[in-house]
Amino acid sequence: MTITAVPSIRKRILTVRGKPILTNVPENVVVSSPQPPGHAAAFLGATSSVADSRHIFSLGILQGYRWMCLFRFNIWWMIPRYGNCGKDVPLESQMLLIEVREECAIHDEDDDGSGENTFYVLLLPVLDGKFRSSLQGNSQNEIQFCIESGDPDVKTNQSLEAVFVNSGDHPFELMKESIQMLAKHKGTFSHIESKKIPAHLDLFGWCTWDAFYTNVDPRGIKEGLESLSAGGTPARFLIIDDGWQNTLNEYEKDGQEMTDGTQFATRLVDIKENKKFQDFGSDDSCNNLKHFIHKMKETYGLQYVYMWHALIGYWGGILPTSPAMEKYNPRMEFPVQSPGNIGNLRDVAIDSMEKYGVGVIDPEKLYNFFNDLHGYLTSQGVDGVKVDVQNSVETLGKGYGGRVLLMRKYQRALEESVARNFKGNHLICCMSHDSEYIYNSKASAVARASEDFMPNEPTLQTRHIASVAFNSMLLGEIVVPDWDMFHSLHATAHFHAAARALGGCGVYVSDKPGEHDFKILKKLVLSDGSVLRARYPGRPTRDCLFNDPVMDGKSLLKIWNLNKSTGVLGAFNCQGAGSWPCREKVQDEHEPVSQSAKIFGHVSPKNIEYLEELAGESWTGHCAVFAFNSGKLSKLPSSGKIGISLRTLEFEIFTISPIKEFCHHIQFAPLGLTDMYNSGGAIEELSNTNDPFEQVIKITARGCGCFGAYSNMKPKHCLVDAEEVDFDYDTVDGLLTFKLSLGSQKGRSLRHISITY
């Protein structure tokens, strides 16, 4: 019998690659293939005898396989969940990845999941016409999918392309291939590789939110930029967050604090800035927003300034009675939450909006609103926008054709306005973890991948790191995941900084003026204000995909990424300092982990995906592995391992550089700037000269500081920008180091290194 990879249903069993994935599949479930045919993918759907705006269909029983899913624990944010039976799949699951082994009940702790007897099945609930779908489990271990339009008048009795199913041997290739196939088939969104990536991602930034919250003003912004610049880590992009807009709250009374969620009834009354940013003093020689932004760019070398606004204008929308808003035909609407929104955790913001209403722009006027707002900001010197509160649109579909079509109108209008007004696709999306955003994202290329960084919530720090890494499995194929700001002067600053160094994301802080740890910042930020950003989204290593790094009491979180010449691997102990929401007890019945207890694990060059492609033909099969914290250099075969033990909130970052062999048996592997978390990110290019008498290895690099490399031989001399420099060479481990001095940089953005043997 021929085993096909295409999902099929026979005798009420959904089979993929000859393996039964779902049993007791109902008769009303159907399989259809996307066009063009020839792939190992299909859609699952179902039919009903009645038409409705919301259906729940069973797909069959899932048990016996480990899985990881991404679900929305509240309306705004996704997090991962792990399990091995259908009943544990939460409401609002938006991705389900299943591990299929030859012997499903036996799991070797040392198996990294890359063996011939392992493959992966991916289920993605997607958009189908005017309906969106999500996955969930029930007490009978059935996997169900829920379809809903968000408008009682938009009904159907079938959804034939609700859940996309694909399989593959490589989980990361499977994700990429699946999103690319879906993007082509659906035509409503784009894969990240076809999008314009905004330039601010390669620069260090500062956001005003945690520094000032809504009390932000020009004086505070100036102080923050000044203190970062004085410390040697100048901000090159700035986000002026919530607090600059002209808003009104009809429930606010003078001298009294707003209570009972009324702060979320605040509405936008004008597209122009509020009084804080108008006529704010002659001491700065600035008398309006335009002059202020120009002065900050001129004085502190800012290259990009972003302004915050909500997708609906403000939290409570726009004020219908405002003369400046009348041309957008606003009307008061009261959000209606889906049972899925309130089935996990309710959220005070959307509950308050549901109670006090939202001033909704006429969908036919959305582009006019965004274009007016963005056009004005552009005239003031603003370069881009951070657009927040996006998922609120899914609750406003009643009377507008449903949540899918309404969100599509918002996204199209937003992206068209950004394209017209902000050259370079300068847009950050936020609070946008619903499938309506994900599968309507045609141009937006950056989106927040986690809930907010909460500096005053000690139990949220580890789950922040873990959630971004896992969410990036899905989001990273659509956008560059944004890890949010953090504080450099904070108990967990090292932990957050290290994660962002290998996250492939923008790096920005929200420190209060004068409250910085420059020792940490200088491990992230070069003196010119740029950062060493890795090439891809930081994601969990293959052997971590189905382990709970926050609550199982035994697993480290390992995150991998690639630079141009090296891999980078971070190991983090996220156990014992927090817990996932919507989970009452520790998984696998483990006792709570003591923060002093160590978690043991191992790292390997094999943890870095695509390392062979990066290494090239001259690779020896071995790697130089440099540990950032310990400073230890090891030489390992590609399948070799290094043991590691970490306490709670401890981490280690490993630069993994393929060792290449050149003439005269010279083996060499660059490590980069060893004082930086992502040292290999400094290396732009590696080449060599083939001379029978001497071998010269040439490196193009960025920045200054200690440059390191593995070499099996001591070189004759080293040149930096054509000037000979002293070097140190350790004959025991082969570590070669020398300085790239700031003085010798002489304004160059790139450094040219020659190592002669």
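Using this note's numbering, you'd call the opening residue of the sequence shown number 379 and step up by one each time. Quick reminder that beta carbons are idealized off the backbone N, C-alpha and C, glycines included.
Pick from the options that is closest to residue i, judged by C-alpha positions
i, options, result
"Gln536", "Glu814, Lys668, Cys960 and Val408", "Val408"
"Thr1026", "Phe1116, Pro1015 and Leu934", "Leu934"
"Phe615", "Leu606, Leu437, Leu744 and Arg645", "Leu606"
"Met929", "Leu744, Met636 and Gly956", "Gly956"
"Ser1132", "Gly1112, Lys1076 and Ser1119", "Lys1076"
"Asp1108", "Pro959, Gly1009, Ile1020 and Gly1021", "Gly1009"
"Tyr1055", "Glu405, Ile986, Cys1084 and Asn452", "Cys1084"
"Asp1106", "Asn939, Gly1086 and Glu405", "Gly1086"
"Ile387", "Lys776, Val543, Asn452 and Val478", "Val543"
Rounded straight-line distance, which links the Cα of residue j to that of residue i
i, j, result
"Val771", "Leu784", "7 Å"
"Phe1116", "Thr1052", "10 Å"
"Met446", "Leu513", "13 Å"
"Asp906", "Gln623", "31 Å"
"Gly994", "Ile649", "53 Å"
"Phe658", "Asn593", "14 Å"
"Met685", "Val1103", "45 Å"
"Lys1092", "Trp997", "20 Å"
"Gln965", "Thr1078", "Annotation note: pLDDT 42 at Gln965 (below 50); position unreliable, coordinate value reported separately. One C-alpha to the other measures close to 48 Å."
"Glu635", "Thr625", "16 Å"
"Thr534", "Phe421", "18 Å"
"His968", "Leu923", "In this prediction, His968 has a pLDDT of 43, which is less than 50 and means its spatial position is unreliable; nothing more can be read from the coordinates."
"Lys936", "His874", "14 Å"
"Arg786", "Asn985", "38 Å"
"Leu910", "Asn627", "43 Å"
"Val683", "Gly1021", "44 Å"
"Ile977", "Gly954", "10 Å"
"Leu581", "Glu893", "20 Å"
"Val796", "Ala702", "21 Å"
"Lys963", "Asn722", "Since pLDDT at Lys963 reaches only 49, below the 50 mark, its modelled position is unreliable, and the value read off the structure follows with that caveat. For Lys963 and Asn722, the distance between alpha carbons rounds to 16 Å."
"Ser822", "Gly775", "22 Å"
"Lys900", "Pro741", "46 Å"
"Gly464", "Asn925", "17 Å"
"Val760", "Trp455", "28 Å"
"Ser572", "Asp860", "18 Å"
"Ala825", "Lys705", "30 Å"
Buried versus exposed call for residue i [16 or more other C-beta atoms within 10 Å across all chains shown]
i, result
"Pro385", "buried"
"Pro1015", "exposed"
"Ala1100", "exposed"
"His804", "buried"
"Ser410", "exposed"
"Val765", "buried"
"Phe550", "buried"
"Val885", "buried"
"Asp620", "buried"
"Glu676", "exposed"
Simplified DSSP assignment, three categories, for residue i
i, result
"Glu995", "coil"
"Cys447", "strand"
"His669", "helix"
"Ser757", "helix"
"Phe1071", "coil"
"Leu680", "coil"
"Leu689", "coil"
"Met1054", "coil"
"Ser795", "helix"
"Pro741", "helix"
"Phe986", "Residue identity differs from the one stated: residue 986 is Ile in this sequence, not Phe. Correct three-state label for Ile986: coil."
"Cys1041", "helix"
"Leu853", "helix"
CB-CB length for residue i against residue j, believed under 8 Å
i, j, result
"Gly528", "Arg781", "3 Å"
"Gly325", "Phe896", "For residue 325 there is no data in the structure shown, the boundaries of the chain being 379 and 1135."
"Met674", "Lys600", "7 Å"
"Ser1136", "Phe1004", "This structure does not reach residue 1136, given that the chain is present from 379 up to 1135, and the question cannot be answered."
"Ala383", "Ser545", "6 Å"
"Ser427", "Phe449", "Ser427 to Phe449, Cβ: 29 Å. No contact."
"Ser888", "Leu1064", "So it is not a contact: roughly 36 Å between Cβ atoms."
"Ile1061", "Pro1048", "5 Å"
"Gly948", "Phe848", "Actually they do not touch by this definition, with Cβ atoms about 14 Å apart."
"Val736", "Ile690", "6 Å"
"Ala577", "Gly423", "Contact doesn't hold; Cβ gap of about 42 Å is too wide."
"Ile525", "Asp506", "7 Å"
"Val738", "Gly695", "6 Å"
Cβ of residue i within 8 Å of any chain C Cβ
i, result
"Asp620", "In the structure shown, chain C does not exist; there is a single protein chain."
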